[in-house]
Amino acid sequence: MTRIGKLAVVGSLSMCALLAFAGRAVAGQDPVKVAPDKCKVLLENDDVRVYDFVLKPGEKMPMHSHPRTSIYSVTDATLKISTPDGKTQDAEFKAGQAYFHGPITHEGVNIGTTDCHLIISEIKPSKTK
2 MTRIGKLAVV
12 GSLSMCALLA
22 FAGRAVAGQD
32 PVKVAPDKCK
42 VLLENDDVRV
52 YDFVLKPGEK
62 MPMHSHPRTS
72 IYSVTDATLK
82 ISTPDGKTQD
92 AEFKAGQAYF
102 HGPITHEGVN
112 IGTTDCHLII
122 SEIKPSKTK
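Convert by adding 1 to the 1-based position in the sequence shown; the result is the number in the working numbering.
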């Protein structure tokens, strides 16, 4: 293998390691810590964390992660959700509806005209002894 070929392989491996590290760093972001002005913890114990979340029209929630999560929508709202792989989708919430999703890392922008007001219950992983 030529010297340039070796440098290309080393560079590619370094980039892969950097991306893998960055992915883990993003996955560890706590929504309450990245946006304390948008999240008010109502209850937290060993099993669950429940918080009140409000995102005004045009506001962005930075990249963060959730474990298994139950959501109750207080208001009608539309968010543009983006994942670390660059995929996006619009998520519509209807007042009075409950939703569930598995673990996820994402960011969101309120693309609607009303506040997005959610009550979020994160189910903590079981601790085995």
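Cβ atoms here follow ideal geometry from the backbone N, Cα and C, with glycine treated the same way.
**OP:** Return the chain-ordered list of same chain residues with a C-beta closer than 6 Å to the C-beta of Lys61, the five sequence neighbours on each side being excluded.
**Re:** What you label residue 61 is simply residue 60 of the sequence shown in a count that begins at 1. Cβ neighbours of Lys61 beyond the five flanking positions: Val110.
Subject >> Closest Cα partner of Lys95 within the set Asp48, Lys34 and Ile72 >> reply: As a position in the sequence shown, residue 95 is number 94, starting the count at 1. Cα-wise, what sits closest to Lys95 is Ile72.
**OP:** Determine the direct distance from the alpha carbon of Ile120 to that of Phe54, and round the result to whole angstroms.
**Re:** Along the sequence shown, read from residue 1 onward, the residue named residue 54 stands at position 53. Along the sequence shown, read from residue 1 onward, the residue named residue 120 stands at position 119. So the alpha carbons of these two residues sit roughly 6 Å apart.
Original post:
Leaving out five residues before and five after Ile112 in sequence, what residues of the same chain have Cβ atoms less than 6 Å from its Cβ?
Top reply: Here residue 112 refers to the residue found at position 111 of the sequence shown. Closer than 6 Å at Cβ, skipping near neighbours: Thr79 and Lys81.
Subject >> Proximity test, Ala36 beta-carbon vs the ligand ZN heavy atom, cut-off 7 Å >> reply: The ligand ZN is absent from the structure shown, which contains no ligands of any kind.
Subject >> C-beta atoms of Glu108 and Pro63 nearer than 8 Å >> reply: Translated into positions along the sequence shown, residue 108 becomes position 107. Translated into positions along the sequence shown, residue 63 becomes position 62. Their beta carbons are under 8 Å apart, which means Glu108 touches Pro63 by this criterion.
Original post:
How far does the beta strand (DSSP E) with Lys61 in it reach, from first residue to last?
Top reply: Here the question's residue 61 lines up with position 60 in the sequence shown. First-last of the beta strand (DSSP E) with Lys61: Lys61 to His67.
Original post:
Tell me which same chain residues have a C-beta within less than 8 Å of the C-beta of Lys128, skipping the five on either side of it?
Top reply: Numbered from its first residue, the sequence shown carries residue 128 at position 127. These residues qualify, in order along the chain: Asp47.
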